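Here is the structure we will look at, set down as structure tokens.
Structure representation (structure tokens):
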């Protein structure tokens, strides 16, 4: 459980910066990835074969590719955060966190669009929704 708390702290700081400044502090993300790597090396994160660790970064790499294809409509920082999440919790929980974050963001944006509080061309930071998605996945 303390692994999730540590990830929640890293992700929370990134989400606040993303929500306020629309910028993800990569130094903090890299620090989180380094912490996850050290925990894997020390055996404190269970089930960490090199193959599963390599596969756990797959959602983040997919987001990098999506960032490149869309001309950075999806930010590279979101991919970095997903890599950090994957290193802490593994591939399947990372996909679940991503899915929950996407669903929560979609509902929130649709409600805001219907209420005419935002326009269609408004950029919405994804970091806070990844944090909410993590909360949903960890609680269930």
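Numbering (the numbering used here), first residue to last: 210 to 349. Think of the CB as a built atom: it goes at the ideal place given N, C-alpha and C, for glycine as much as any other residue. Bear in mind that the values here come from a model prediction, so they are computed numbers and not experimental data.
Spatial distance of residue i from residue j (CA atoms)
| i | j | result |
| --- | --- | --- |
| residue 350 | residue 213 | Outside the displayed range of the chain (210 to 349) lies residue 350, so it cannot be described from this structure. |
| residue 302 | residue 258 | 16 Å |
| residue 256 | residue 328 | 45 Å |
| residue 294 | residue 278 | 22 Å |
| residue 345 | residue 306 | 8 Å |
Whole-number beta carbon distance between residue j and residue i, since they are thought to touch under 8 Å
| i | j | result |
| --- | --- | --- |
| residue 299 | residue 265 | 5 Å |
| residue 269 | residue 233 | About 12 Å separates the two Cβ atoms, so there is no contact after all. |
| residue 224 | residue 339 | 7 Å |
Residue i classed as buried or exposed, judged by whether at least 16 other C-beta atoms fall within 10 angstroms
| i | result |
| --- | --- |
| residue 210 | exposed |
| residue 241 | buried |
| residue 253 | exposed |
| residue 238 | buried |
Own chain partners of residue i with C-beta closer than 8 Å, once the 5 adjacent residues on each side are dropped
| i | result |
| --- | --- |
| residue 341 | 309, 310 and 313 |
| residue 261 | 299 and 300 |
Own chain residues within Cβ distance below 6 Å of residue i, not counting five before or after
| i | result |
| --- | --- |
| residue 245 | 296 and 297 |
| residue 216 | 297 |
Cβ neighbours of residue i in the same chain (closer than 7 Å, five flanking residues each side left out)
| i | result |
| --- | --- |
| residue 283 | 272, 275 and 276 |
Worksheet entry | Three-pair Cβ contact test at 8 Å for the stretch 275 to 293 versus the stretch 328 to 340 | yes
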